[in-house]
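Working notes for the structure below.
Residue numbers (this note's numbering): 14 to 230.
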């Protein structure tokens, strides 16, 4: 039986595609009017898909054929040797959701140039640029954020959902004017000591769902 290079995953409403076969995956995603997940592993289909090469040239250029792409997920289960055509991402007017796992140093994305991005989730890396200037964001989930505070996020006043997992932050400075926050979660933040910025925010805004490390309960 011929092994899969791409398939539609109804559970996440995305076409999952091996990185070497991006053109085929994009064509299918366009037909389904759905998102795209670039991965070397199709969940639940063990042994039914082609193996990905040891090093991959990740070419985003074919995305110009799907300008209505709504969501892009890039997994961390393949090694990137070279990235081509990342600038195409900046032309995708319908791309509102971006999820990047453990970013390769070869992949640099300035998310502030994605014109209508509202939902960003990523493992913190210097290769994800401009997220503090992506002022349309309403959801931001970051793993392993390694700054001392949140001043980098101070302009993201439209956020309604902010999640930080394993951050290195010591203070919450930067959130004082996030008066649209409905959900704010911080987990495994061992270095966090000062939440005075949160108290300042709470003087003018009630956060419906707030989850802090246990020492602040």
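C-beta atoms are modelled at their ideal positions from N, C-alpha and C, and glycine is treated no differently. These numbers were taken from a predicted model, which means no experiment stands behind them.
Next on the checklist: Contact between the region 140 to 150 and the region 117 to 131 is defined here as three or more beta-carbon pairs at a separation below 8 angstroms; is this criterion met?
Outcome noted: yes
Item to check | Local conformation of residue 39 per DSSP, three classes | outcome: helix
Item to check | Nearest-angstrom Cβ-Cβ length linking residue 111 and residue 80, presumed shorter than 8 angstroms | outcome: With a Cβ gap of about 16 angstroms, residue 111 and residue 80 do not count as contacting.
Checklist entry - When you compare only the Cα positions, how much space is there between residue 172 and residue 185? => result 15 angstroms
Checklist entry - For residue 167, which of helix, strand or coil comes out of DSSP? => result coil
Checklist entry - Can you name the start and end residues of the beta strand (DSSP E) that residue 84 belongs to? => result 84 to 87
Next on the checklist: For a test of the three-state rule: what should DSSP assign to residue 214, helix, strand or coil?
Outcome noted: helix
Checklist entry - Quick one: Cα of residue 70 to Cα of residue 205, how far? => result 40 angstroms
Checklist entry - Taking the alpha-carbon positions, what's the residue 162 to residue 40 distance? => result 42 angstroms
Next on the checklist: Considering Cα atoms alone, identify which of 84, 85, 128 is closest to residue 103.
Outcome noted: 128
Next on the checklist: Using DSSP's beta-bridge definition, name the partner residues of residue 20.
Outcome noted: 29
Next on the checklist: So, at 6 angstroms on beta carbons, what are the nonlocal neighbours of residue 231 in its own chain, with the 5 sequence-adjacent residues on each side left out?
Outcome noted: In the structure as shown, the chain begins at 14 and stops at 230. Residue 231 is therefore absent and cannot be evaluated.
Next on the checklist: Please report the straight-line C-alpha distance between residue 168 and residue 16, rounded to a whole angstrom.
Outcome noted: 47 angstroms
Checklist entry - Which residues does DSSP pair with residue 96 in a beta bridge? => result 71
Checklist entry - Would residue 19 be called buried (16 or more neighbouring beta carbons within 10 Å of its own) or exposed? => result buried
Checklist entry - Between which two residues does the beta strand (DSSP E) containing residue 196 stretch? => result 196 to 200
Item to check | Cβ-based neighbour list, residue 158, same chain, cut-off 6 angstroms, excluding 5 preceding and 5 following | outcome: 137, 177, 180
Item to check | Proximity to residue 182 [Cα-Cα], best of 170, 86, 202 | outcome: 202
Item to check | Residue closest to residue 2, alpha-carbon to alpha-carbon, out of 123, 213, 226, 53 | outcome: This structure cannot speak to residue 2, because the chain is shown only from 14 to 230.
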